[in-house]
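> Each residue of the sequence shown is one higher than the one before, starting from 6 at the first, in the working numbering. Virtual Cβ for every residue (Gly too), placed ideally from N, Cα, C.
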Amino acid sequence: MAEGELELRCVIEIMGKPKEAVTDSLKKITNSIEENGKKLEVSDVEYADPQEVKDGFFSSYSKFKIKGDVMDLFGFVMDYAPSSIELLSQKEVKLSAADLQGLLNDLSGRMTDMDQKIKIFSGQTILLSQQLEELKKKTINS
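See the structure below:
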């Protein structure tokens, strides 16, 4: 392993339907990790058979090892939100203040973006609920 590289074992989970779409989507997601412009190496990929969860929805996961530098691995975690991360290669990781600042700014920016999206979706949900109630009233009165 190159100097400054870390190796992680990660799990990515998805749920959806139909069963075949879950398997196909999980493979596309896992395959896209190395293709996303970051210098990451994925190996030892395993796919779980999809299991029915409820109402025709299926859940599955992929488990794999991934190597890269701290910055690229942090980007991977932010982009793909793995449900489990295990550090395999190092007992201790040292970061410069500049690298830590960059990671924290990336994290803050993404959290701000997610917060904005949540507020938009929340507002849209309230608006749609109000419109649905108005339609119900019009239907009842018709």
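Can you look up E97 in the DSSP assignment and give me helix, strand or coil?
In this structure, E97 counts as coil in the three-state DSSP scheme.
> Would you say the region 106 to 113 touches the region 34 to 48, given that touching needs at least three Cβ pairs under 8 Å?
No, because fewer than three Cβ pairs between the region 106 to 113 and the region 34 to 48 fall closer than 8 Å, the two stretches do not touch.
> If I'm right that L11 touches V75 with Cβ under 8 Å, what's the distance once you round it to whole angstroms?
Indeed they touch by this definition, with Cβ atoms about 6 Å apart.
> How about L31 and I71: do their beta carbons lie closer than 9 Å?
In this structure, I71 does not lie closer than 9 Å to L31 by Cβ.
> Quick one: is I9 buried, meaning 16 or more other Cβ sit within 10 Å of its Cβ, or exposed?
For the record, residue 9 in the displayed sequence is Gly; it is not Ile. Exposed, because fewer than 16 other Cβ atoms sit within 10 Å of the Cβ of G9.
> Which runs of the beta strand (DSSP E) at least 3 residues long sit entirely within the region 71 to 143? Give them in chain order.
For the region 71 to 143, whole beta strand (DSSP E) runs of length 3 or above, ordered along the chain, are 89 to 92.
> Answer yes or no: do M20 and S65 have a C-beta to C-beta separation smaller than 9 Å?
Closer than 9 Å, so yes.
> Whose C-alpha, out of V98, S67 and E57, is nearest the C-alpha of Y85?
Comparing Cα-Cα distances from Y85 to each of V98, S67 and E57, the minimum goes to S67.
> Anyone know if the C-beta pair for P87 and F79 falls short of 9 Å?
Cβ distance not < 9 Å, so P87 and F79 don't count as in contact.
> With distances taken Cα to Cα, identify the nearest neighbour of E51 among V58, E18 and M116.
E51 has its Cα closest to that of E18, out of V58, E18 and M116.
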